[in-house]
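For the sequence shown, the working numbering assigns the number 5 to the initial residue and increments by one for each residue that follows. Beta carbons are placed, not taken as given, at the ideal position from N, Cα and C, and that holds for glycine.
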Amino acid sequence: DKKGEFWKRLEDLSQKVENISYTIFTVANWIDIKNFPDGIFWPLRKIYSKRRNYDKNTFNLNDNKYKSWIEFLNRQREKLNIEYSFHGLEHHTHDSRFASSQEFLSYEDEEKTKDKLEEMLNIFKRSGLKYEKGFRAPGWGIRQNQIGLLKKLGFKYVALSSNFNDPVDGINKNGAGLK
């Protein structure tokens, strides 16, 4: 939002609604995928995923070139009562079995998931961004065992879709949170 319209909307809303707070879910190391089919075309990803047509570290929170942006976000946090929480390491997956935005569904074993979560946490810690330990999986795609792992890593909550359907064990749950 180079024109600042998003922040202006939050400021306007904050003036109208007393004690309002916001949660902005943030990706640690956004990977931009160029010309990568998604939506109804996501089956074509099998072809594209072999081409590795993406840019590594497109937007890494820990990159020095974004320090002023991190400082701005921290000021906005105080000014507008914003909570920054986690929204994945890279946001995308190159696993053609899933829509590109469902990063965490492609992490099938606990060790790989743990490694990715720890990398995400380390990027946030080093970036200087003030954050809360909440999580919303990209594309709402998360496995039941990953929710337990987030709890072990000290996350306070996990935002889930209203009809959480675990692709592994078929558990269908409503609502969100860690118990």
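Starting from residue i and walking both ways along the alpha helix (DSSP H), at which residues does that stretch end?
i	result
G152	Q148 to K156
E75	K71 to L84
Hey, would you say residue i sits closer than 9 Å to residue j, going by beta carbons?
i	j	result
N85	I28	no
F76	R140	no
N64	Y70	yes
G138	F108	no
T30	L133	yes
W144	S165	yes
What are the partner residues of residue i, as DSSP defines its beta bridges?
i	result
N64	N33
G145	Note: G145 sits in no beta bridge, so no partner.
Y111	In DSSP, Y111 forms no bridge with anything.
W24	Per the sequence presented here, residue 24 reads as Ile, with Trp not at that position. According to DSSP, I24 bridges with nothing at all.
Y88	I28
Y161	G138
Starting from residue i, follow the beta strand (DSSP E) in both directions and report where the run begins and ends.
i	result
F139	G138 to R140
Hey, residue i and residue j are a contact pair by Cβ (cut 8 Å); roughly how many whole angstroms apart?
i	j	result
L184	V162	With the chain running from 5 to 183 in the structure shown, residue 184 is simply not present.
I127	N66	5 Å
K120	L93	5 Å
**Prompt:** Would the region 146 to 157 and the region 20 to 35 be scored as touching if the rule is three or more Cβ pairs under 8 Å?
**Reply:** no
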